[in-house]
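In my numbering, the protein residues as written are 1 to 311.
All C-beta atoms, glycine included, are put in the ideal place defined by N, C-alpha and C.
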Ligand code: COD
């Protein structure tokens, strides 16, 4: 029987426990889309927000948007850098179980999280995972890493893959189909990305990634189009039905993600995996839908983390 795939973000909300809202700190929360997402997540009893940043702007937006003032804590910060550090400090003290990036540059936010003082690292590599709801696509599509690791080497790619596969399994996708993207399905020594993809697919054949189906190098068309696979006469276990698109570099991942959003009208949720708590990392320009969906995945990841710790 075919494994069931989540088809939409609303199905993710259906999986979220209705008890124990997730305390969440938002760095540089002075942003309308962030606060609109916070409002809806509050209405769904999913979170307890700590809003850090420019407090007069945050207070004005809260009032304008209609967020009940007694359901949020506002913490003033003088700079974006300070707001990232305060957000990370709350996580370190155990006051929150998730950090969210607001109106702040990604690198600045991540430097707060990675700061040694806060012990939010697990000894694992942190990596970014995007999750897309794309009109006309029958399943959610995953993509990594278009947001964090700049020039991953083979060992780092291995860790990025393990982070993503582990997360997808927690969502019930036991045999994720992973396409290791490149410009060509042939290994070409002049394209190092194809060599790395081949090495990773060899590891997969030896069982390194468990039940995940990992294939590469594969160009995007062979990853997501059955017609392209048939037309090119390729034998592929993925057969145009990849769940996870694995980008060889941050540029490929980032540009592909924005292409799905801007050309394909997709909505992108964004998380950083591998830290002690889930992190929400979307682009500052992302829509309110994208921020709300990201909160849903963080809430789900948090409940899964609790279950793992208890088992
Ligand atoms: N996982 C775990 N630890 C890490 C990671 C990681 N992925 N990256 C760095 N560290 C640790 C290092 O071991 C070190 O101890 C400390 O963090 C600082 O490492 P540096 O000096 O290499 O890192 P920084 O501070 O120069 O940069 C880390 C960033 C994550 C900020 C950097 O990789 C970055 O800017 N990434 C791209 C973010 C971005 O622009 N994304 C696109 C938009 S969403």
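- Judged by DSSP secondary structure, residue 27 falls within the beta strand (DSSP E) whose first and last residues are 22–27.
- Shortest Cα-Cα distance from residue 149 to any of 299, 161 and 293 involves 161.
- Boundaries of the beta strand (DSSP E) harbouring residue 144: 141–144, taken from the DSSP string.
- Runs of alpha helix (DSSP H) with 4 or more residues, each lying fully within the segment 173–197, are absent.
- Unbroken beta strand (DSSP E) stretches of 3 residues or longer found wholly inside the segment 111–160: 127–133 and 141–144, given in chain order.
- By alpha-carbon distance to residue 302, the top candidate from 37, 78 and 94 is 94.
- Look at residue 216 here: in three-state DSSP terms it is strand.
- Proximity to residue 281 across 146, 171, 246 and 229 peaks at 146, based on C-alpha coordinates.
- Between the C-alpha atoms of residue 204 and residue 230 there is a straight-line separation of about 24 Å.
- Residue 226: member of the alpha helix (DSSP H) spanning 226–232, first to last residue.
- Excluding residues up to 5 positions away in sequence, 180, 182, 216 and 217 lie with their Cβ nearer than 6 Å to the Cβ of residue 197 in the same chain.
- Here residue 262 is exposed: its Cβ has fewer than 16 other Cβ atoms, across all protein chains shown, within 10 Å.
- Beta-bridge analysis with DSSP links residue 98 to 24.
- For ligand 1, a non-hydrogen atom lies closer than 8 Å to the CB of residue 114.
- For residue 150, the distance from the CB to the nearest heavy atom of ligand 1 is below 8 Å.
- Look at residue 38 here: in three-state DSSP terms it is helix.
- In this structure, residue 26 places its C-beta atom within 9 Å of the C-beta atom of residue 52.
- Around the C-beta of residue 232, fewer than 16 other C-beta atoms lie within 10 Å, and the residue is accordingly described as exposed.
- In this structure, the beta-carbon distance from residue 274 to residue 171 does not fall below 9 Å.
- Relative to residue 6, the option among 244, 190 and 69 whose CA is nearest is 244.
- Taking residue 200 as reference, the option from 72, 78 and 247 with the minimal CA-CA separation is 247.
- In the same chain as residue 107, and ignoring 5 residues on each side of it, no C-beta atom comes closer than 8 Å to its own.
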